[in-house]
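When we follow the UniProt record's numbering, the leftmost residue of the sequence shown carries the number 1, and every step to the right adds one.
Below is one structure, written out as structure tokens; comments come after it.
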Amino acid sequence: MAKNLLIVESPAKAKTINKYLGKDFTVLASYGHVRDLVPKEGAVDPDNHFAMEYAVIEKNEKHVDAIAKAARSADNLFLATDPDREGEAISWHIAEILRERGLLEDKPLRRVVFTEITPRAIKEAMNQTRDIAAPLVDAQQARRALDYLVGFNLSPVLWRKVQRGLSAGRVQSPALRMIVEREEEIEAFVAREYWTVEAECAHPQQAFTARLNKLDGKKFEQFTITDGETAEAARKRLVAAANGFLHVTDVTSKERKRRPAPPFTTSTLQQEASRKLGFTTSRTMRVAQKLYEGVALGDEGTVGLISYMRTDSVNLSQDAVAEIRDVIARDYGTKALPDKPNAYQTKSKNAQEAHEAIRPTAALRTPAQMARYLDDDARRLYELIWKRAVACQMVPATLNTVSIDLAAGADHSFRASGTTVIDPGFLAVYEEGKDAKAAEDEDEGRKLPPMKTGDRIPLDRIHADQHFTEPPPRYSEASLVKALEEYGIGRPSTYASIIQTLLFRKYVELDSRRFRPTDVGRAVSKFLSGHFTQYVDYDFTAKLEDELDAVSRGEEEWVPLMERFWAPFKQLVEEKKESVDRSEATGARELGTDPKSGKPVSVRLGRYGPYAQIGTAEDEEKPTFASLRPGQSMHTIALDEALELFKLPRKLGQHNGEEVSVGIGRFGPFAKLGSTYASLKKEDDPYTIDLARAVFLIEEKEEIARNRIIKQFDGSDIQVLNGRFGPYISDGKLNGRIPKDREPASLTFEEVTKLLEETGKPVRGRFGKKTAAKKEPAAKKSAAKKTAKSADGEAPAKKAAAKKAPAKKAAKKVVKKAAAKTVAAKPAASKATATKTAAKKAVKKVAKKTTAK
């Protein structure tokens, strides 16, 4: 074992760095976070200075054990997790685990920060080690505690007042509010009619169009003309006044500069990758992570191609700028280089976290050279990052804007504009994308023929066109990230997880790559906005982020911040548990009256989603219900649409003497014949499907069922079956695998019994829950162990029981010692959490060791 142990987060990064550091180092990966709050109420204790109870994450236990084993024999320990708050917290958790296990005594432990994975950067970082930054750890702990307290206290209120299984998040709730409020804007929007008027000019050198900008001596604005009759009358006046020609009255030419955009931050990378590449935020970060951790470059080995991708800084190092300038001079000429490097101002106050912008680790590695080493996603993202970084150090683009005024008689005039590129500057490499084309850019690239004051321009025709105003667009991933950043909600590392959480919880869905809130999402947002207004307020959320930033800079203590938040929040939660009416929280609406029964028709949110209802709970007869169809919303559905839903189940006719019908059940639309149910396909509509199609689906299902059994055995529940993923064995409780080299139909009863014992796994129910089937085999094994005698005739179970008593006594002796040791050694961030965690760990550890003996 090497004398130096270095810990990073990912195995890919570990492999790359190990090559650079050599045989004196062992580099291991933590595989992300190693500890988290125990997933139960009380893991954060507000009455004890917000003490936090942590446990090792189960899936990472083996990685933690490997780190601990290596640390035991190492002379020096280095923590090189990611250079942000999360990375700092991971380093702190690893240090705490090692300290609790007594592995840090007389061993130096240093923090290392790699902002890029290249030999030079790693060598420099190893010469600039530091201690774990307690303020960064405190800020991450405060964020985790806030999120935990909000989730564990608000979620039960949502269960009672809205729907079971819901949850609320401190940061994603304001993001959800944004999406819902935009949807409400769209629904409330009333389109306005307006007309534009254009002249098509037949200039001898080049035809062009001009827009009306003055009518009857007054400025022509968007709503000057709002109906067709007025538009036609105006058009005729213009035609008569022009008399076949427009006269040039003014020519304005203006040269302007356009500066390049700064290099990428996390949010601008996510926005641009969404606009230009169609990537989701999570896909962008996943691909960027690979580029950062390292790519195999043939003889050069594995090298990180970009700097760290979670940053809100637009700064570039002097070395990076120098190399970029060399590339510009080489590939685009010295005229593309400004006299001195372009500097950009970062908005972030967090100097401790403001590393470099996202850039290529070596600008000399052009996208064309790297293409053969990268998959398509990585190639496209690397090219985007490389071009943006290079363009940011180039000269501005020089543009020339020409504006021509053309008179039609004395009282009317048109205007034509065009912008041409005189010197492309940075535009030769890169142009920033936009969500929507700005009005001032509509004429960019459009050339006009040469004209001067006094010229008569032949008029081809004048036409008027009808338009309607459009509602604001729904948020795309790019525009949502931009809005979150502008409001100060979340931080670079959280944008992707915010969006993923909203999608995972089905609070929103993507419709043509734009976010539409679901009825459940709207109910959650309505409830939180109405009753927890302050906590989904944009300014409040942003202010809290600023306070967390202040903690990370060491300017504020985290416990007082938590105290200011907790007391009023907890009081409000207790009040709302009793005072809120469920129907008013969920947005139930009455649509009108059912013409057949005369009963009220309403839409509501139920356990399985939105539904329509005829009647009320107070009626003698029970109300009738119908689920809303996909794409329908309880907030926009009309009475006639709701009544259509009650046409199901539909009777389609007879088949073999039995009724065939279609309906919608808990698991979607279905066709039914007798006791046989067959799910409809995506392309089938239960309201329009005919008898022949329904019969086909039912017979298809029956055919599958007939062919499902390959072999069965008399007197046994075990069967050999055809499944979705191939043949398998099942007794209804356990499913077992069949070896690839065996013909399923040739298996004997003895073989299937043995295979079921060796490979059997519990059958999963409709919702993926395991059945209790495995309890029986487990019980048999347990009984077999108890009755099995050892060589001297004594049951092993008795020996194990005899060893339990000393374990408790031994544990008690080390609890105080371990806890005290942990508290004394902890940085400021950890004192409040030490005793509880150390005690539990010590008990488990000693009990485990003693039992083993």
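Every residue gets a Cβ at the ideal spot worked out from N, C-alpha and C, and that includes glycine.
As the structure is a computational prediction, the values presented were derived from the model and not from experiment.
Suppose contacts are defined by Cβ-Cβ distances below 7 angstroms. Is residue i in contact with residue j by that definition?
i, j, result
"A241", "H412", "yes"
"V660", "A705", "no"
"I328", "A336", "yes"
"Q271", "K482", "yes"
"S307", "R359", "yes"
"F515", "I179", "yes"
"I462", "V239", "yes"
"V314", "Y344", "yes"
"L680", "P669", "yes"
"R85", "A139", "yes"
"L277", "R164", "no"
"Y475", "R182", "yes"
"A416", "F208", "yes"
"S267", "E470", "no"
"residue 863", "G488", "Since the displayed the chain opens at 1 and closes at 853, residue 863 lies outside it and no answer follows."
"V251", "I404", "yes"
Buried or exposed for residue i, going by 16 or more other Cβ atoms inside 10 Å?
i, result
"K13", "buried"
"V190", "exposed"
"I709", "exposed"
"P686", "buried"
"K526", "buried"
"D331", "exposed"
"F414", "buried"
"H93", "buried"
"E116", "buried"
"Y54", "buried"
"S597", "exposed"
"K290", "buried"
"Y507", "buried"
"residue 854", "The displayed coordinates of the chain run from 1 to 853. Any statement about residue 854 would go beyond what the structure contains."
"Q128", "exposed"
"G760", "buried"
"P39", "exposed"
"Q206", "exposed"
"Y608", "exposed"
"N735", "buried"
"W159", "exposed"
"R120", "exposed"
"D375", "exposed"
"E683", "exposed"
"N342", "buried"
Among residues of its own chain, excluding the 5 on either side of residue i, which ones have a beta-carbon nearer than 7 angstroms to its beta-carbon?
i, result
"V8", "A14, I17, V27, A29, A80, T81"
"K19", "G301, T302"
"P623", "Q613, I614, G615, T616, A617"
"D423", "A397, T398"
Looking only at its chain, what residues have a beta carbon closer than 6 angstroms to the beta carbon of residue i, apart from the 5 residues adjacent to it on each side?
i, result
"L528", "S173, V536"
"R582", "K161"
"P46", "W566"
"residue 861", "Shown here, the chain extends from 1 to 853; a query on residue 861 therefore has no answer."
"V402", "S253, G418, L448"
"W386", "P360, P367"
"N76", "N4, P108"
Can you give me the Cβ contacts of residue i inside the same chain, cut-off strictly under 8 angstroms, excluding the 5 residues immediately before and after it?
i, result
"F468", "A191, R192, E193, Y194"
"R72", "L103"
Please decide whether residue i counts as near chain D, where near means a Cβ-Cβ distance under 7 angstroms.
i, result
"Q140", "The structure shown contains no chain D; it holds only a single protein chain."
Those runs of the beta strand (DSSP E) which lie wholly inside the region 118 to 206 and span at least 3 residues: 193 to 201
Quick check: the region 107 to 118 against the region 131 to 149, are there 3 or more CB pairs under 8 angstroms? yes
Do the region 365 to 375 and the region 214 to 228 make contact, defined as three or more Cβ pairs closer than 8 angstroms? The region 365 to 375 is not in contact with the region 214 to 228.
Do the region 634 to 651 and the region 599 to 615 meet, that is, are 3 or more Cβ pairs less than 8 angstroms apart? yes
Length-filtered (4 minimum) alpha helix (DSSP H) runs lying within the region 462 to 550: 477 to 487, 495 to 504, 519 to 531
Where in the region 666 to 701 do unbroken runs of the beta strand (DSSP E), each at least 3 residues long, occur, reported from the N-terminal end onward? 668 to 673, 676 to 679
List, from N- to C-terminal side, the beta strand (DSSP E) runs of 3 residues or more that fit wholly inside the region 700 to 727. 709 to 712, 719 to 723
Between the region 213 to 225 and the region 492 to 504, do three or more beta carbon pairs fall short of 8 angstroms? no
Complete runs of the beta strand (DSSP E) confined to the UniProt domain "Toprim" (3 to 119) [at least 3 residues]: 4 to 8, 25 to 29, 35 to 37, 54 to 56, 76 to 79, 109 to 111
Complete alpha helix (DSSP H) runs within the region 575 to 630 (minimum length 4 residues, chain order): 582 to 586
Ranges of the beta strand (DSSP E) found wholly within the region 275 to 302, counting only runs of at least 3: none
Can you list, in chain order, the stretches of the alpha helix (DSSP H) that have 4 or more residues and sit fully within the region 317 to 364? 318 to 332
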